[in-house]
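In what follows, a single structure is set out as structure tokens and then discussed.
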DNA sequence: AAAATGACCTAAAAGGTTTTCGGAAACGTA
DNA sequence: TACGTTTCCGAAAACCTTTTAGGTCATTTT
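Chains as they are written, first to last, in the numbering used here: chain G, 1146 to 1480; chain S, 1146 to 1480.
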């Protein structure tokens, strides 16, 4: 009863069931007219041989591999994973497989991966960036649809999905205003990041809506690190000792800021409310107190991108940059 | 000069070059005898049509897809990524592709993924676990080789690669002993984790080597969180106020412990040296001071697993659980 | 009884590549 | 000229599946 060396083919099944391979195929796929009794025999034979249809042969014939390529440049980490999970969800369980390539930020490597993915005849491509800055399009002359997630393509004819950072940051400010905070500062990453600019724009917008000034008079740009958060705490407290809330451009910055503020005698959230960004759980739930933060809904973004790719396979694509809403997660760092 | 609707096949290339498809194939693959002049013509034709050989057809014929499945249960996160990167490195650039599936800890889903991977005729499988606890084997009757990474298979005939946690923890202790520390405590995660047991065993072993007692008299088991690290700091300082070093079972625990110890007036590293575990950079480099920690070399582990899978494809497998060395990364939390 | 219908099944083609084996030319040797 | 060698190339098979276009037989209709 050892398993056969060569896996069983449909020819073996047909022979065992005493029918032609055409009938066997139709029986197994529920197509065409085949008597119930015959169908049963075929299924039994397939079971007995533990027949697994060869996806290669099928794809060669039908032209569709039910496979998509996921091309990332962020080491599949922070942004690639949610997209992957979303993609797996979007296509019915196990219907689509994901071929994963990491370009590691290298354009040459990216080109190479694209070629091998095309060689393998993927049905479509999802390109995931590591920041929300626009990236070069790869869609030119590609025979399959491409969807960009997180980092939009610089070609407006492409389809891109990005988080709506402007609105996300604005939500954070509106939440603080609702809580009665009036002197709100903003600490974020490097100014050349689109994400930093968008979040700053959102903060500014919501402050104007509420008729409030920005505490300290300006956005504090720095880097995306905990260390900068600690430094920024000093800067802010010196510039405006009465500051009662800070919106941070990342959870890392927020974690550092909370720590340094407490060391300077400010209670969080009583004296100083702090909002993070990213909802990176290892940070946002483990700080003391846990962080109110903006979640970019990356899984939804990934799922949406995948669904859109699916639609694009059918020829129904909606070009442009689509901004997906963020979600404010309220924890104990704001009251 | 619009790109052709249907991608060019080798037949098209052969026709354009004025040779048979057999000759075209041999010319392109550098096999068989074909005149230099002919080869040139074929290459030129392929270039002109931007011919990409159809990997499906090739695989169907040769029986090898140059694809491996990566099956994870940790949402591809902490452990799956390094393995993926290592695997990509191990096979020459772009030679092998990785088909990625996430079972999300669900056995049913795992079975399903295995079936679809087999249907797609992967050449081999790497199974990545989310802890170092042994997991059920899936290799029974599978027609392709399987290698387990991080979580070993419970079948000793399978091939598994795990970090050598016993030695990793021992390294940490030996380092502290070298620095002159004499009252060393150990705080780690839940006792039912193999990782917690192994690390505790390593600490115990190295303390015995040095003829030192364990500060506090026993290992402190808890959970893998920053919060537990903070609690543990109190426990330790109460149990042995003279404690001068702590080995932690994770960077998260270490981060919490450092924070709480400093609040209780202990300087790190002068009064209390702290070692973490994992070298999870978002924590280990951002704490104050940055953490000395044990790096499990997950990328090396992934690469090794992939290389071994490659060897197994050629029939050369070395069954058993292979323990790979960890590496102590020294930063400022120990002096 | 002859013709038409319907149910069920099969032969064969198609998809693109690699490889084996034999054939054809070109050339050197007897 | 006849023959052996070498060099290069092509015909065809093989990989496995799905689908199309019929084909066979039993049953119903005229």
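Just so it is clear, CB atoms sit at the ideal spot from N, CA and C, and this is done for glycine as well.
CB contact check: residue i to chain G, cutoff 9 Å
i: residue 1246/S; result: yes
i: residue 1192/S; result: no
i: residue 1433/S; result: yes
i: residue 1250/S; result: no
i: residue 1424/S; result: no
i: residue 1261/S; result: yes
i: residue 1460/S; result: no
i: residue 1243/S; result: yes
i: residue 1174/S; result: no
i: residue 1443/S; result: no
i: residue 1212/S; result: yes
i: residue 1202/S; result: yes
i: residue 1448/S; result: no
i: residue 1372/S; result: yes
i: residue 1321/S; result: no
i: residue 1197/S; result: yes
i: residue 1355/S; result: no
For residue i, the three-state DSSP class (helix, strand or coil)
i: residue 1438/S; result: strand
i: residue 1398/S; result: helix
i: residue 1370/S; result: coil
i: residue 1325/S; result: coil
i: residue 1217/S; result: strand
i: residue 1522/G; result: Any property of residue 1522/G remains undetermined from this structure, which presents chain G solely from 1146 to 1480.
i: residue 1405/S; result: helix
i: residue 1269/G; result: strand
i: residue 1416/G; result: coil
i: residue 1247/G; result: strand
i: residue 1263/S; result: helix
i: residue 1161/G; result: helix
i: residue 1230/G; result: helix
i: residue 1375/S; result: helix
i: residue 1477/S; result: coil
i: residue 1191/S; result: helix
i: residue 1365/S; result: strand
i: residue 1242/S; result: strand
i: residue 1472/S; result: strand
i: residue 1391/G; result: strand
Beta-carbon contacts of residue i that lie in its chain and below 6 Å, excluding the five residues immediately before and after
i: residue 1319/S; result: 1351
i: residue 1273/S; result: 1217, 1224, 1225, 1228, 1294, 1295
i: residue 1154/S; result: none
i: residue 1161/G; result: 1190
i: residue 1250/G; result: 1218
i: residue 1336/S; result: 1366
i: residue 1211/S; result: 1241
Residue-level contact to chain S via CB, residue i, 9 Å cutoff
i: residue 1233/G; result: yes
i: residue 1404/G; result: yes
i: residue 1465/G; result: no
i: residue 1382/G; result: no
i: residue 1264/G; result: yes
i: residue 1417/G; result: no
i: residue 1427/G; result: yes
i: residue 1335/G; result: no
i: residue 1375/G; result: yes
i: residue 1230/G; result: yes
i: residue 1205/G; result: yes
i: residue 1215/G; result: yes
i: residue 1255/G; result: no
i: residue 1386/G; result: no
i: residue 1152/G; result: yes
Contacting residues, own chain, Cβ-Cβ under 7 Å from residue i (five flanking each side not counted)
i: residue 1461/S; result: none
Close-in-space but distant-in-sequence residues of the same chain around residue i (CB under 8 Å, 5 per side omitted)
i: residue 1430/G; result: 1436, 1476
Which residue spans inside the stretch 1421-1467 of chain G form an unbroken beta strand (DSSP E) run of at least 3? With a minimum length of 3 residues, the continuous beta strand (DSSP E) runs that stay inside the stretch 1421-1467 of chain G are 1437-1440.
Runs of alpha helix (DSSP H) wholly within the stretch 1279-1351 of chain G (minimum 4 residues, chain order): Whole alpha helix (DSSP H) segments, 4+ residues: 1310-1323.
Give me the subset of the stretch 1390-1402 of chain S whose CB atoms are less than 9 Å from a CB atom of chain G, sorted by chain position. Listed by position along the chain: 1397, 1400, 1401.
Contact residues within the stretch 1266-1288 of chain G, judged by C-beta distance below 8 Å to chain S: So the list reads 1266, 1286, 1288, given in the order they occur along the chain.
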